[in-house]
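Each remark here refers to the structure printed beneath this line.
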Amino acid sequence: MRNLKARITGVHGYVPDYVLTNEELETMVETSDEWITSRTGIKERRILKGEGKGTSVIGIEAVQGLLEKTNTDPGEIDLIICATCTPDMLFPSTANLVAERVGAVNSFGYDLQAACSGFLFALATATQFIESGTYRKVVVIGADKMSSIIDYTDRTTCIIFGDGGGAVLLEPTEEPEGIIDSVLKSDGAGAAFLHMKGGGSLHPASHESVDARMHYIYQEGAKVFKFAVQNMADVSEEIMNRNNLTANDIAWLVPHQANLRIIDATANRMGIGSEKVMNNISRYGNTTAGTIPLCLWDYESKLKKGDNLILAAFGGGFTWGATYMKWAYNGHN
Ligand code: UT7
1 MRNLKARITG VHGYVPDYVL TNEELETMVE TSDEWITSRT GIKERRILKG
51 EGKGTSVIGI EAVQGLLEKT NTDPGEIDLI ICATCTPDML FPSTANLVAE
101 RVGAVNSFGY DLQAACSGFL FALATATQFI ESGTYRKVVV IGADKMSSII
151 DYTDRTTCII FGDGGGAVLL EPTEEPEGII DSVLKSDGAG AAFLHMKGGG
201 SLHPASHESV DARMHYIYQE GAKVFKFAVQ NMADVSEEIM NRNNLTANDI
251 AWLVPHQANL RIIDATANRM GIGSEKVMNN ISRYGNTTAG TIPLCLWDYE
301 SKLKKGDNLI LAAFGGGFTW GATYMKWAYN GHN
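Count the sequence shown with the working numbering and you get residues 1 to 333, in order.
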């Protein structure tokens with residue numbers, strides 16, 4: 001049997017035009033640019049404004065750009081997996097809505113929900129379909145319209161999150177490159193510290209659920225912070241060790257963009273200097289499943305064939321993980 005690997009052959013991202021700055025947030029809640037910048041590294045985030053616009057808008061823009069730059073006929077796509085915790089609707093899946101709009105008439109699709117680790121979990125899932133030889137063109141989207149579940153009177157969460165996302169095309173190769181290994185974890189005990197109570201089968205929407213602000217994110221920030229620092233660094237170290245990688249071997253760390261202090265702690269534990277850490281949190285904030293593809297998109301022109309990348313994430317669930325991949329092309333943008 002052929003030894004197939006799944007490699008990324010293109011990436012594209014999308015962020016909405018509206019820029020919500022720290023200065024504007026200062027007019028909405030009791031906060032300051034100084035506090036937000038020093039505690040999180042975020043200066044601004046994007047917001048998807050306008051009636052009738054859900055996360056699928058982000059996915060459609062990202063996938064259309066991806067198909068164009070990779071010269072891919074939408075009819076050739078076999079599967080679309082959309083990682084999101086803010087789907088347009090509980091069903092049908094956002095992946096289906098994207099497929100219809102981009103003309104992926106021969107694909108099937110589904111959503112995958114693992115909060116901030118969603119893109120990594122979806123990438124690992126898509127990789128199985130490629131490595132098994134089942135499919136040849138799989139699109140993985142990571143996208144979230146976080147503004148749809150943020151309470152803009154809660155200063156502890158509204159300063160962190162933004163809207164945006166990206167998509168990658170995965171294709172098979174017989175070269176020793178592409179996605180090589182993943183360490184993925186989850187722990188339901190973390191649900192207590194980061195969740196959204198309302199809108200699911202436990203607390204369906206009602207007057208009471210709206211009055212109790214159940215349709216917004218609930219986060220115990222300091223608690224989540226501690227778990228994030230520990231666990232993201234742990235899995236990153238584990239994936240380096242089991243693939244015999246030293247810091248020198250790694251060209252780029254691609255961390256989930258939740259908080260600059262969490263990113264720095266992970267890089268420090270891995271012994272990786274900041275010049276090798278992808279970082280766009282100051283411009284986009286935390287876009288949940290969107291952060292990692294947005295980083296890859298931003299840094300694509302700097303990436304070279306053969307570069308060793310470690311992708312790492314931590315988020316609601318709790319969910320966390322790290323993926324080791326060898327980049328497969330010399331970047332364009
Ligand atoms: O991506 C999904 C996973 N999520 C994460 O990884 C997020 C992890 N957590 C964090 O990034 C940080 O915990 C936060 C950025 C959410 C908060 O930073 P922190 O340094 O952990 O602050 P804290 O929650 O311990 O709060 C410190 C103080 C509190 O005041 P007191 O009680 O010390 O008087 C807060 O009320 O800062 C206050 N505070 C604020 N002050 C100004 C909280 N939010 C704000 C704010 N502006 N926006």
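Every residue gets a Cβ at the ideal spot worked out from N, C-alpha and C, and that includes glycine.
Only a predicted model underlies this, so the values are computations on that prediction, with no experimental measurement involved.
Opposing strand residues paired with residue i [DSSP bridges]
i, result
"residue 334", "Residue 334 lies beyond the stretch modelled for the chain, which goes from 1 to 333, so this question has no answer here."
"residue 255", "312"
"residue 108", "79"
"residue 286", "161"
"residue 46", "19"
"residue 14", "165"
"residue 195", "218"
"residue 7", "171"
beta-carbon residue i near the ligand UT7 non-hydrogen atom, thresh 8 angstroms
i, result
"residue 292", "no"
"residue 254", "no"
"residue 314", "yes"
"residue 219", "yes"
"residue 258", "yes"
"residue 349", "There is no way to answer for residue 349, as the model of the chain reaches only from 1 to 333."
"residue 116", "yes"
"residue 225", "yes"
"residue 269", "no"
"residue 262", "yes"
"residue 194", "yes"
"residue 29", "yes"
"residue 2", "no"
"residue 39", "yes"
Selected residue, minimal CA-CA separation from residue i, among the options
i, options, result
"residue 288", "73, 4 and 195", "195"
"residue 189", "205, 163, 159 and 224", "224"
"residue 282", "121, 22 and 174", "22"
"residue 220", "155, 308, 13 and 278", "155"
"residue 163", "86, 109, 138 and 217", "86"
"residue 64", "42, 5, 10 and 149", "10"
"residue 251", "231, 187, 324 and 208", "324"
"residue 242", "6, 139, 183 and 262", "183"
"residue 112", "142, 105, 138 and 101", "142"
"residue 26", "235, 14, 12 and 43", "43"
"residue 275", "304, 264 and 60", "264"
For the segment 120-132 against the segment 169-183, do three or more pairs of beta-carbon atoms, one drawn from each stretch, fall closer than 8 angstroms, so that the two count as touching? yes
Segment contact flag, the segment 2-19 with the segment 43-52, C-beta cutoff 8 angstroms, min 3 pairs: yes
Counting pairs of beta carbons, one from the segment 193-212 and one from the segment 128-148, are three or more of them closer than 8 angstroms? At 8 angstroms Cβ cutoff, the stretches do not touch.
Contact between the segment 32-42 and the segment 64-78: three or more CB pairs below 8 angstroms? no
Can you find at least 3 beta carbon pairs, one from the segment 256-275 and one from the segment 308-316, that sit closer than 8 angstroms? yes
Does the segment 286-306 come into contact with the segment 197-213, if we say contact requires no fewer than three beta-carbon pairs (one atom in each stretch) closer than 8 angstroms? Judged by pairs of C-beta atoms under 8 angstroms, the segment 286-306 does not touch the segment 197-213, as fewer than three such pairs exist.
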